[in-house]
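Positions 761 to 928 (the numbering used here) are the ones given, in order, by the sequence shown.
Backbone N, C-alpha and C define an ideal beta-carbon position, used for all residues, glycine too.
Predicted model, so just to flag it, every value in this text is computed and none were measured.
All remarks here apply to the structure that follows.
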Amino acid sequence: MAKDFSIFDQKMMKLALEEATLAFNKEEVPVGAVLTLGDQVIARAHNSMEVKGDPTAHAEILCIRKGAEVMGDWRLLGVTLYTTLEPCVMCGGAMLLARITRVVWGAPDIRHGSHGSWIDLFEKKHPTHQLEIAGGLYEEEAANLMRLFFKRQRTKHEEEKLSTGRAL
761 MAKDFSIFDQ
771 KMMKLALEEA
781 TLAFNKEEVP
791 VGAVLTLGDQ
801 VIARAHNSME
811 VKGDPTAHAE
821 ILCIRKGAEV
831 MGDWRLLGVT
841 LYTTLEPCVM
851 CGGAMLLARI
861 TRVVWGAPDI
871 RHGSHGSWID
881 LFEKKHPTHQ
891 LEIAGGLYEE
901 EAANLMRLFF
911 KRQRTKHEEE
921 KLSTGRAL
């Protein structure tokens with residue numbers, strides 16, 4: 761799944777990992793995203809579902825919204841989106857609708873991934889837009905952050921069960 765990624769791709773995924781760490785520190789699922797046009801970062805975001813109380817507040821969706829605002833158009837032609845986790849179906853659909861040119865992701869998501877880990881939204885030629893998509897950039901770093909997050913969540917839930925004397 762991994763391919764040769766440029767130095768710029770690596771730098772942008774490091775920024776996405778910084779965003780994912782911000783999410784981790786806020787007890788959000790640690791996913792970060794960065795949107796670029798050429799060599800310029802036009803948006804960065806991290807998951808904010810808990811803080812916003814919004815199931816659509818995924819890092820990728822928030823980045824797409826910011827990018828559309830910055831570009832003054834919902835069509836994000838020429839844009840690359842970097843995300844630390846394989847996009848879910850909602851985010852993958854939004855990427856197609858926004859006409860994003862390229863997507864680079866880190867770790868696979870076997871539960872919700874839309875680029876082959878669960879379902880492949882991109883295998884069939886889309887009637888209006890085809891995007892380039894590649895995964896595996898800093899896969900281990902992104903996956904480790906996810907593992908740490910869910911380990912912390914399980915520990916927290918176990919401690920809550922012990923302190924209340926009941927199952928949650």
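Can you tell which of the options has the C-alpha that lies nearest to the C-alpha of residue i?
| i | options | result |
| --- | --- | --- |
| Glu900 | Ala867, Val801, Ala817 and Glu820 | Ala867 |
| Cys823 | Gly813, Glu810 and Thr844 | Thr844 |
| Phe909 | Ala780, Thr816, Phe882 and Leu897 | Ala780 |
| Ile860 | Asp833, Lys884, Arg871 and Asp869 | Asp833 |
| Thr793 | Ala805, Phe784, Lys786 and Asp799 | First, the residue type needs correcting, since residue 793 is Ala and not Thr in the sequence shown. That would be Ala805, whose Cα lies nearest to the Cα of Ala793. |
| Ile893 | Asp764, Phe882, Val791 and Gly827 | Phe882 |
Go ahead and pull the three-state DSSP assignment for residue i.
| i | result |
| --- | --- |
| Leu905 | helix |
| Gln890 | coil |
| Val801 | strand |
May I ask you to list the residues that DSSP assigns as paired with residue i?
| i | result |
| --- | --- |
| Leu841 | Leu795 and Val863 |
| His818 | His818 pairs with nothing; no bridge assigned. |
| Asp880 | His875 |
| Gly895 | Trp865 |
Am I right that residue i and residue j are in contact with their C-beta atoms under 8 angstroms? What's the rounded C-beta distance?
| i | j | result |
| --- | --- | --- |
| Cys851 | Ile802 | Not really, about 17 angstroms apart at Cβ, beyond 8 angstroms. |
| Glu810 | Glu829 | Not a contact, Cβ separation roughly 23 angstroms. |
| Thr796 | Met773 | Not quite, the Cβ-Cβ distance comes to about 11 angstroms (not below 8 angstroms), so this is no contact. |
Tell me which same chain residues have a C-beta within less than 8 angstroms of the C-beta of residue i, skipping the five on either side of it?
| i | result |
| --- | --- |
| Met855 | Glu820, Ile824, Leu841, Pro847, Val863 and Leu891 |
Please determine whether the Cβ atom of residue i lies at a distance below 7 angstroms from any heavy atom of the ligand ADP.
| i | result |
| --- | --- |
| Ala803 | With respect to the ligand ADP, the structure offers nothing, as it holds no ligand at all. |
Counting contacts by CB-CB distance shorter than 8 angstroms, is residue i in contact with chain E?
| i | result |
| --- | --- |
| Cys823 | This model lacks chain E altogether; it includes just one protein chain. |
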